[in-house]
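Residue numbers (the numbering used here), protein chains in the order written: chain G, 4 to 191; chain E, 4 to 191.
There are 2 protein chains.
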Amino acid sequence: MVRWEPGSRARLEQAALALYGERGFENTTVAEIAARAGLTKRTFFRYFADKREVLFSGAGTLQALLVSTVADAPASAVPIDAVAAGLEAAAGLLQERRGSARQRQLVIAANAELQERELIKLASLSAALADTLRRRGVSDPAAGLTAEAGIAVFKIAFAGWIDETNQRDFGELIRESLNQMKAVTAGR
Amino acid sequence: MVRWEPGSRARLEQAALALYGERGFENTTVAEIAARAGLTKRTFFRYFADKREVLFSGAGTLQALLVSTVADAPASAVPIDAVAAGLEAAAGLLQERRGSARQRQLVIAANAELQERELIKLASLSAALADTLRRRGVSDPAAGLTAEAGIAVFKIAFAGWIDETNQRDFGELIRESLNQMKAVTAGR
DNA sequence: GCGATGGATGTCACTTGGTGCCATCAGCGT
DNA sequence: ACGCTGATGGCACCAAGTGACATCCATCGC
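This is the structure:
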């Protein structure tokens, strides 16, 4: 048995996403989100550091999967391929939730503050990736550059995958974007 | 002649940088910055949209230079080389101000909110770069990937240039990072 | 010379994000 | 029955940011 109605955190996340979608991030107060979840403003800030963070709870999981996949790539794999494997694993995680990922992305696209938060999450992914590559023996500045290139590929592939006209597989888009990246840096 | 003591904007920027450096971004109030500049909080917000923006007034100039250099690159230049020319021009702009660039970067490195703002400025650079490439006839997703790769190179080169132990030329670091990027994406 | 103009600044009130501190409440073990 | 513990509520408070209005003063037209 539980002492309190469980799922406060999940209820806050749902309420926030719904309200941000309905009236926009800026026109939604934390008090309103909390009220819809049957809680108070004070409790909201016990679960989330700020009003934006409520949209990014999945970032940790994604980063953990990315890092572990890269770390576990065969030692024979060249850095960029280890990164590619990690990105494809991350893509697999998102694959099932395309609908909610799109809804979330629309909300983020409508507000600069949310874009800032998203960018720092991606920067965190990049930093973690670079660290993992260094542990695989990649030296600087190659580690940082490989990580940044990987995240760039992810960003572009994600934008294509989330597009409403897209029917393609996320993993496929990752591989295609990576090939384009190789072509482009090679001077084509 | 001027009607009011000129340079309010510059005074606010100096005061903010000094205070952020002395006591940290979070421990500095806008009222304190304004007071040191001989102004009020309300006037601060007439010059800057928020407390962070005061550190990023140069971003517009940098972006304009980057874009115009890429746009004016010879038509024969392959996209990645046009971008490289733009990055080197941008590097030239910063080259003279290494001291203040370092001071500013230390302040930013100490605070996550400021890093978010910096990241969105870089994202804006990337978007402008991609647009310029499209106007040069580069198609998607190559335009976006080339722009992202370029900004990644800039980030890594900048980090190396700003490092206290570094003695190298910024443009040289840009070229070296770009070569590393090429090597790394080629699978080395 | 003088009043009108207009842009830069100040003043004030207000909303909201975010935090510290303490109270409350319900299930748990003893 | 009693105290403990962890989630939540209540409240006061600070600081960011904004809207509305007042004020000040160099310049311009007369």
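All C-beta atoms, glycine included, are put in the ideal place defined by N, C-alpha and C.
The beta carbon of residue 137 (chain E) sits closer than 7 Å to those of 146, all from its chain and outside the five residues before and after it, given in chain order. For residue 158 (chain E), the nearest CB of chain G lies under 9 Å from its own CB, placing it at the interface with that chain. The three-state secondary structure of residue 172 (chain E), taken from DSSP, is coil. Collapsing the DSSP output to three states places residue 144 (chain E) in coil. Exposure of residue 44 (chain G) is indicated by the presence of fewer than 16 other C-beta atoms within 10 angstroms of its C-beta. Following the DSSP letters along the chain, one finds residue 11 (chain E) inside the alpha helix (DSSP H) bounded by residues 11–26. Rounded to whole angstroms, the Cβ separation of residue 152 (chain G) and residue 188 (chain E) is 6 Å, and the two are in contact under 8 Å. Apart from the 5 residues on each side of it in sequence, residue 40 (chain E) sits with its Cβ closer than 6 Å to the Cβ of 14, 15 and 18 in its chain, given in chain order.
In this structure, DSSP gives residue 55 (chain E) a state outside helix and strand, which the three-state scheme calls coil. Per DSSP, residue 64 (chain E) is one residue of the alpha helix (DSSP H) stretching across 62–74. Taking 9 Å as the cut-off, the Cβ atoms of residue 72 (chain E) and residue 92 (chain E) count as close.
The beta carbon of residue 22 (chain G) lies closer than 7 Å to those of 31, 35, 36 and 39 in the same chain, with the five residues before and after it left out. Contacts with chain G at 9 Å (Cβ-Cβ) include residue 119 (chain E). In this structure the stretch 58–65 of chain G lies against the stretch 119–130 of chain G, because at least three pairs of beta carbons, one per stretch, are closer than 8 Å. Not flagged as an interface residue toward chain G: residue 27 (chain E), since no C-beta distance is shorter than 9 Å.
When G:64, G:169 and G:141 are compared, the shortest CA-CA separation from residue 80 (chain G) is found for G:141. Counting only Cβ-Cβ distances below 8 Å, residue 84 (chain E) has contacts in chain G at 190, in chain order. Nearest to residue 28 (chain G) by alpha-carbon distance, out of G:46, G:53, G:49 and G:12, is G:53.
Around the C-beta of residue 107 (chain G), 16 or more other C-beta atoms lie within 10 Å, and the residue is accordingly described as buried. At a cut-off of 9 Å, the C-beta of residue 162 (chain G) has a neighbouring C-beta in chain E.
Cβ-Cβ separation between residue 117 (chain G) and residue 66 (chain G): approximately 18 Å, too far for a contact (criterion under 8 Å). Only those residues of the stretch 168–182 of chain G whose C-beta falls short of 7 Å from the nearest C-beta of chain E are listed: 180.
Among the residues of chain E, those whose CB is under 9 Å from the CB of residue 185 (chain G) are 188, 189 and 190, following chain order. Cβ-Cβ distances below 6 Å link residue 75 (chain E) to nothing in the same chain once the five nearest sequence neighbours on each side are left out.
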